[in-house]
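Remarks on the structure that follows.
Protein chains: 2
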Amino acid sequence: MAAASLTGARMIVAEPQLLDTPSLVVDEALLRRNIAAMQALAREAGVNLRPHMKTHKTPEIARLQIEAGAVGITCAKVGEAEVMVDEGGVEDVLLAYPTIGEPKIRRLLALMERAKITVALDSREAAAALSDAMVAEARGLDIYVEVNTGQNRAGAIAGDEAMALALDLARLPGLRLTGIMTHEGQANTAPPETIEAIALDAGQTLVATAERIRAHGIALDHVSVGSTPASRYTPGVAGITEMRPGTYVFNDTTAFRYGHNGPDACAARFVVTVISRPAPDRAVIDAGSKTLALDKSHGHPGHGYIVGHPAAEIVRLSEEHGVVNLPPEDQAAFQVGDTFEVIPNHVCPALNLMDELLIVRDGQIVDTWRIAARGKVR
Amino acid sequence: MAAASLTGARMIVAEPQLLDTPSLVVDEALLRRNIAAMQALAREAGVNLRPHMKTHKTPEIARLQIEAGAVGITCAKVGEAEVMVDEGGVEDVLLAYPTIGEPKIRRLLALMERAKITVALDSREAAAALSDAMVAEARGLDIYVEVNTGQNRAGAIAGDEAMALALDLARLPGLRLTGIMTHEGQANTAPPETIEAIALDAGQTLVATAERIRAHGIALDHVSVGSTPASRYTPGVAGITEMRPGTYVFNDTTAFRYGHNGPDACAARFVVTVISRPAPDRAVIDAGSKTLALDKSHGHPGHGYIVGHPAAEIVRLSEEHGVVNLPPEDQAAFQVGDTFEVIPNHVCPALNLMDELLIVRDGQIVDTWRIAARGKVR
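Protein chains in written order, with my numbering: chain H, 84 to 461; chain F, 84 to 461.
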């Protein structure tokens, strides 16, 4: 984004000085606009939208996504799915993460009584344990195979390895192989001009792997990709059936990198207060790593963007202190007690640090939503 | 620490495979030993110990610190102090952070009914607002002036500037200037061989500033320093009266740097499970940045130390994935479903991501303590 739009960006809260800070605020109109825009992208690409709830962790927002047309929700951990089903009324969940270990499998079985659950995994060991549990309970579980299309985190390598794994898993009793998935996260950190090519390559690689599995008589219904930055590209590949972006509901400074979404598309901000002015060129805000998280941005320097003050760089975070370098033109505007909005670098882990978010309509706080799946690491 | 001690380190949980993971476990005996050791350091230095609760955020642990001889507790935010007073029975709190803004000052006034509170600050603006509030309520508040002895985060610069601020604040009605404090955090990131000199210099600088303020007839009772790595040095400076270390209750991989505390002094660990083995030299554990936090260590490579496996480096974290590079000798030991203990790089923000900790006695889980002040950013 050009510096001009960073300079002209507006705060969403009319009277931030009345808030106890730091507080997480979400503009309802921007949130709904972001949800509608991604649903439109899915519709244009002709794929199902199954948003990852890691960004919002909030039952009310899952409801908005479903109402807008999402076919279900993506979670990582069983504890997140429990919240989305029990508090968000979600009826269809993909756990895009292996469910491993006796305590979790017990919880998974209980959750399957209340919603349709699919589990993605990438190992024979994880599949065998799930198969044993399903057989013992006379149940059936839908599974996806996770495929590595270049991120090199988890997943069976696309091609021979993924096909061999899929064929083995399809033979296990109690499991039904219904899809394959990838997270094309390698697109997100590559140079912006390369994202389209990387995303398309990941999508094509995944579809080719699906075709090879289908050649063995397995009817894979779902070929699933995920990532907000790649969401304009990968889902459009012929043969992709499902997309799982997360960050788009709020956006963050990392989105600035791609030119589609600037600050005025960022629905979630932290209202912060200047608590110290120890030097003419230094202010300290009451949001440190315990509020903004330490994630670097690929779209903006420092540890977040102070709305309307692009040159005031948050250069250092300790747990409760955000140290801001002030250029001469900003030095008068940052006095002790002044309040600002900060857009975080990576909104998902920052939101995970908070217990609730304040809903803003036309500048006023109109509601408080509990981030009910915050901290559900299990 | 020599690699030998990292190799020989032992796990604290006897049957980690029975736990739902990731879980935070704390060895009770190690915790008590660490608390006693720091109390002994304070006694030898002849200073009061007022531990910072940012590391544990847990009322039960504050009680252990007070029972061992701590004169009170240090907090940053009012919300933390509310928990420590109401749930931990703490009667004397230093808020080592400016209390700014009408909502917080109202909560501070309420809290002052239930405990002795002192507030540290570094600006005339923050002091004026507190003075006005105290006068309006016919109350009196003890304050410290925060002094910058080289960390260059917050604080009035030691010497002329800090003295001028102290004299101004001492004249404000409703406030009683009873002390000055510094956080000599610059010692923690400097080369280990320089820590003693940097810590001593910070302590001497603070004492010299105290003497200059006293020369104006102000009886400063408290000259307060804080930092676990510097705790063997700064409190010993003649004229220092109080120390505020935090991390020592648990220790973390950053402590390895200083040679006093290795893994066997680390009371808090995360029990984690291998959830993927996508390549011979790669394992993925179920603890990412949502569990271990992103903080770098100054004492160990990667994103944490896997107990007993010093060469298995956690090279990359995403929110739910910890990617581990496995050297040949570790490749057989990391199978899908296997459990390990991980000591985090910086235990304070990692603990802040969890809701509870499991207390371990002789290898068995004997209790669950709620991290009641987790997420209290206000």
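Ideal Cβ placement from N, Cα and C applies to all residues, glycine included.
| Asked | Found |
| --- | --- |
| Alpha carbon to alpha carbon, how far is H/Glu-170 from F/Arg-290? Give it in angstroms, no decimals. | The residue asked about is misnamed: residue 290 of chain F is Val in this sequence, not Arg. Near 56 Å, if we compare the C-alpha coordinates of H/Glu-170 and F/Val-290. |
| Could you tell me which residues DSSP pairs with H/Cys-158 in its beta bridges? | H/Leu-178 |
| What residue range does the beta strand (DSSP E) around H/Thr-292 cover? | Per DSSP, H/Thr-292 belongs to no beta strand (DSSP E); it is in the alpha helix (DSSP H), 278-297. |
| Can you pull the DSSP bridge partners for H/Tyr-388? | H/Ile-426 |
| Would H/Ala-164 and H/Leu-132 qualify as a contact pair, given that the criterion is a beta-carbon distance under 7 Å? | no |
| So, are the CB atoms of F/Glu-127 and F/Arg-444 less than 7 Å apart? | no |
| List, in chain order, every chain H residue whose beta-carbon is nearer than 8 Å to that of F/Asp-251. | Chain H residues near F/Asp-251: none, gap ~14 Å exceeds 8 Å. |
| Buried or exposed for H/Gly-309, going by 16 or more other Cβ atoms inside 10 Å? | buried |
| Under 7 Å, Cβ to Cβ, is there at least one residue of chain H near F/Arg-236? | yes |
| Taking C-beta to C-beta, are H/Thr-323 and H/Gly-286 nearer than 7 Å? | In the sequence as presented, Thr is not what sits at residue 323 of chain H; that position holds Ile. A contact, by the Cβ cut-off of 7 Å. |
| Cβ closer than 7 Å: which chain H residues qualify as neighbours of F/Ser-359? | Pro-181, Asp-205, Ser-206, Ala-237 |
| May I ask which residues mark the beginning and end of the alpha helix (DSSP H) holding F/Lys-187? | 185-194 |
| From F/Glu-294 to F/Leu-255, what distance separates their C-alpha atoms? | 21 Å |
| Given a threshold of 16 other Cβ atoms within 10 Å of its Cβ, counted over all protein chains shown, does H/Lys-199 qualify as buried or as exposed? | exposed |
| Establish whether the CB of F/His-383 and some CB of chain H are separated by less than 7 Å. | no |
| Under 7 Å between C-beta atoms, does H/Arg-453 make it to chain F? | no |
| Look up F/Thr-356 in the DSSP assignment and say whether it is helix, strand or coil. | strand |
| Under the three-state reduction of DSSP, which class applies to H/Ala-164: helix, strand or coil? | helix |
| CB H/Thr-104 to CB H/Asp-369, shorter than 7 Å? | yes |
| Can you pull the chain H neighbours of F/Glu-403, defined as C-beta to C-beta under 9 Å? | Lys-137, Ala-159, Lys-160, Tyr-180, Val-460 |
| For chain F, check one thing: does any of its Cβ atoms lie closer than 7 Å to the Cβ of H/Ala-145? | no |
| Mind checking if H/Asn-428 is an interface residue toward chain F, Cβ cutoff 7 Å exclusive? | no |
| Return the first residue and the last residue of the beta strand (DSSP E) that H/Val-449 is part of. | 447-453 |
| Would you kindly work out how many angstroms separate the C-alpha atoms of F/Gly-382 and F/Gly-329, rounded to a whole number? | 17 Å |
| Looking at chain F, is there any beta carbon in it that lies within less than 7 Å of the beta carbon of H/Thr-256? | It is Pro, not Thr, that sits at residue 256 of chain H in the sequence shown. Answer no: the Cβ-Cβ gap between H/Pro-256 and chain F never drops below 7 Å. |
| Counting contacts by CB-CB distance shorter than 7 Å, is H/Ala-209 in contact with chain F? | yes |
| Since H/His-358 and F/Ile-240 should fall inside the 8 Å C-beta cutoff, what is the C-beta to C-beta distance between them, to a whole number of angstroms? | The displayed chain sequence assigns Ile, not His, to residue 358 of chain H. Not quite, the Cβ-Cβ distance comes to about 17 Å (not below 8 Å), so this is no contact. |
| Determine whether the Cβ of F/Ala-164 lies closer than 7 Å to any Cβ atom of chain H. | no |
| Is it the case that the region 235-249 of chain F contacts the region 213-224 of chain F, given that we only count it when at least three CB pairs across the two stretches are under 8 Å? | no |
| Report, in whole angstroms, the separation of the C-beta atoms of H/Leu-260 and H/Val-228, which I expect to be a contact under 8 Å. | 7 Å |
| Can you tell me which of the three DSSP states H/Pro-361 falls into? | strand |
| Within its chain, find whatever has a CB closer than 6 Å to the CB of H/Ala-348; leave out the 5 residues flanking it on each side and keep chain order. | Asn-334 |
| Closest Cβ-Cβ distance between F/Val-419 and chain H: below 7 Å? | yes |
| Kindly indicate which residue of F/Met-94, F/Leu-440, F/Glu-244, F/Leu-204 has the alpha-carbon position closest to the one of H/Val-419. | F/Leu-204 |
| Name the DSSP bridge partner or partners of F/Tyr-227? | F/Ala-203, F/Gly-262 |
| Put F/Ala-86 into one of helix, strand or coil per three-state DSSP. | Low confidence applies to F/Ala-86: its pLDDT is 42, below 50, so where it sits in the model is not reliable, and the reading given next is rough at best. F/Ala-86: helix per DSSP, three-state reduction. |
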